[in-house]
Structures are given as structure tokens and as C-alpha cells.
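Residue numbers for the sequence shown follow numbering that gives the first Met the number 0, so the first one is 0 and each next one is one higher.
All residues carry an ideal CB built from backbone N, CA and C; glycine is no exception.
Please read these numbers as outputs of a predicted model, since none were measured by experiment.
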Amino acid sequence: MPLEERLARLRSELPKGVTLVVVSKYQSDEAVQRVYDAGQRDFGENHVQSLVRRAEQYPKDARWHMVGHLQRNKVRQLLPHVWMVHSLDSLRLAEELNRECVKLERRLRCLVQVHIAQEEGKYGFGEEEVRALFREGAFARFERLDVVGLMGMATFTQDEAQVRGEFTRLRALRDWVVAGGFAPSPEFRELSMGMSDDYLLALAEGSTMLRVGRGLFAEP
Ligand SMILES: *Cc1c(COP(=O)(O)O)cnc(C)c1O
């Protein structure tokens, strides 16, 4: 099945209000161009350098999402090109993003990354830590950041119940933030969860943003 057809099929599976972010990391320029030509406008990258390179190649209607861990010393390079940062994983990073937004006189949409997987070594705030931070309004203090939701990556496992349970917890956390009146932005609702191998489970748990790479580009 050609790439364009796989993209169309994936799109047809999305409920209303769900954004597909096509993760273009490691893909050829030719393949990414075909996806753009098929009408896709939201793209994700996990390295600053590749995001900047691609953003410079594409018309301004393409929206570039930073989905990988972001080092503070790369913020300046990234900011002119990025539409949304999915990987806000420390307050020091938030400070740096905010400072650079002030300089550029822009705002930036961000998602707070929460560590929901069992594996060590994935980035993100712990659940309890993030509850405490929302409770004390920590994310609302950055005047240039619009913190519009949460992002999480599930454990890499075949155990669907495990993965689904982790997505449930992320959604519950989002609902807790909203119900408690702790939402840092009136638009706080996004749940960025679901990749190639688990996006159907993520959709079933209320994902609003899928980040799909390999599963779209690779021939099944
Ligand atoms: C690579 C990556 C994805 C996409 O993963 P696939 O398995 O290729 O769909 C999604 N999110 C993040 C943070 C990634 O680094």
C-alpha cells in the first residue's frame, strides 16, 4: 500500500478533535515531502537540529512539534521554528523557554511530560511531583507559555493491559487538573499519547494527539 494510502487510512481512524502528528525523524526527505503533499501539516521531530533543518525547508503552514527531550542550551536555536513542545520535563526548561519567548515576543504551546512507564530512564515528571506542581500553580507562572496539556509514553511491552492502564492514568491526571481548577491555561485539554504500536489503545483512552512515525512510513 503506498504511503499516501496508509496516511489516508490512519486519518480515517481518528475521531474528531484528534491531531495526528507525523513523526518524521529518521525518514527520508522524499518520504516526508510525500506526506506533506498529501496534506499533512503537523510533524514531529525529536532532535533540535533535524527539526530546524526541516522547518527551514517547508512552507510556513507546516507545524513542527518537538517531541523529544530538549536541552536548555538548544532552546534558542529551536524557538524560531517550533510550533509546540511536547516534552516540557523540568521547570528550568520552562524558564528557559519562557525567557526566549520574551525575547522573540511570541507565545509557545507546551505539554507537560509525565513519566507513566515502568521503565527507568524515560524523561518526564513523576505523577506525584506533577500533581504538587499543578496544585501550586507552577506552570501558570510562565507568562509566555501556554501549557495546554500532558504528554506521556507508555512502557514498551506487548502487555496491552499495562499500556492501556498507563494511558488511563495520564487521562485521569488531566481530568484531575481540570476538575481541581489547576489548569494553567483555558485551553488545557490535550493528551499527547499513542505511537505506532499503541495508538489504538491511546485513542480508546481519550488521546487528543497521536505521535506516529515508523508505522506510517514503513511498509507493513
Ligand atoms: C520516535 C517517537 C515517536 C514515534 O514513534 P514510532 O514508534 O516511530 O511511531 C513518538 N514520540 C516520541 C517522543 C518519539 O521519540
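task = Under the assumption that Arg-210 contacts Gly-43 (Cβ atoms under 8 Å), give the Cβ distance between them as a whole number of angstroms.
result = Confirmed, about 5 Å.
inquiry  = Tell me the residue span of the beta strand (DSSP E) that contains Trp-63.
reply    = Run containing Trp-63: 62 to 65, per the beta strand (DSSP E) assignment.
message = Between the alpha carbons of His-222 and Val-66, how many angstroms are there, rounded?
response = The chain is shown only over 0 to 219; residue 222 falls outside these bounds and no answer can be derived.
ask   = For the stretch 20 to 82, which segments carrying the alpha helix (DSSP H) assignment without a break, of at least 4 residues, lie completely within its bounds, in sequence order?
value = 28 to 36, 47 to 56 and 74 to 77
inquiry  = As a quick exercise: from Gly-205, Leu-215, His-68 and Arg-130, pick the residue whose alpha carbon is nearest that of Gly-16.
reply    = Gly-205
Contact belief for Ala-171 with Ile-115 at Cβ below 8 Å, rounded distance in angstroms = At roughly 11 Å, the Cβ-Cβ gap does not stay under 8 Å, so Ala-171 and Ile-115 are not in contact.
key: For Ala-93 and Tyr-138, believed in contact at Cβ under 8 Å, the rounded distance   = A small correction: the amino acid at residue 138 is Phe; Tyr does not occupy that position in the sequence shown. Yes, Phe-138 and Ala-93 are in contact; Cβ-Cβ is about 7 Å, under 8 Å.
query = How about Val-21 and Leu-50: do their beta carbons lie closer than 8 Å?
reply = No, Cβ-Cβ distance for Val-21 and Leu-50 is not below 8 Å.
query = In whole angstroms, what separates the C-alpha of Pro-183 from that of Arg-105?
reply = 18 Å
query = Taking the C-alpha atoms as reference points, what is the distance between Arg-52 and Trp-63?
reply = 11 Å
query = If we ignore side chains and look at the alpha-carbon of each, how far apart do Leu-149 and Phe-133 end up?
reply = 12 Å
ask   = Considering only residues of the stretch 124 to 189, which uninterrupted alpha helix (DSSP H) runs meet the minimum length of 4 residues and lie entirely inside it, listed in chain order?
value = 126 to 134 and 159 to 178
request  = Measure the Cβ-Cβ separation of Glu-95 and Val-147 and say whether it is below 8 Å.
outcome  = no
request  = Verify whether the separation of the beta carbon atoms of Leu-215 and Arg-5 is less than 8 Å.
outcome  = yes
query = What span of residues does the alpha helix (DSSP H) with Arg-91 cover, start to end?
reply = 90 to 103
ask   = Among residues of its own chain, excluding the 5 on either side of Asn-97, which ones have a beta-carbon nearer than 6 Å to its beta-carbon?
value = Phe-141, Arg-143 and Leu-144
ask   = Helix, strand or coil: which one does DSSP assign to Arg-210?
value = strand
task = Keeping to the same chain, check which residues put their C-beta closer than 7 Å to that of Thr-18; ignore five residues upstream and five downstream.
result = Asp-41, Thr-207 and Met-208
query = Considering only residues of the same chain and omitting the five flanking positions on each side of Gly-125, which have a CB-CB separation below 7 Å?
reply = His-114
query = In three-state terms, what does DSSP make of Arg-108?
reply = strand
ask   = Among all the DSSP beta bridges, which residues are the ones paired with Ser-191?
value = For Ser-191, which the question treats as bridged, DSSP gives the partners Met-150 and Met-208.
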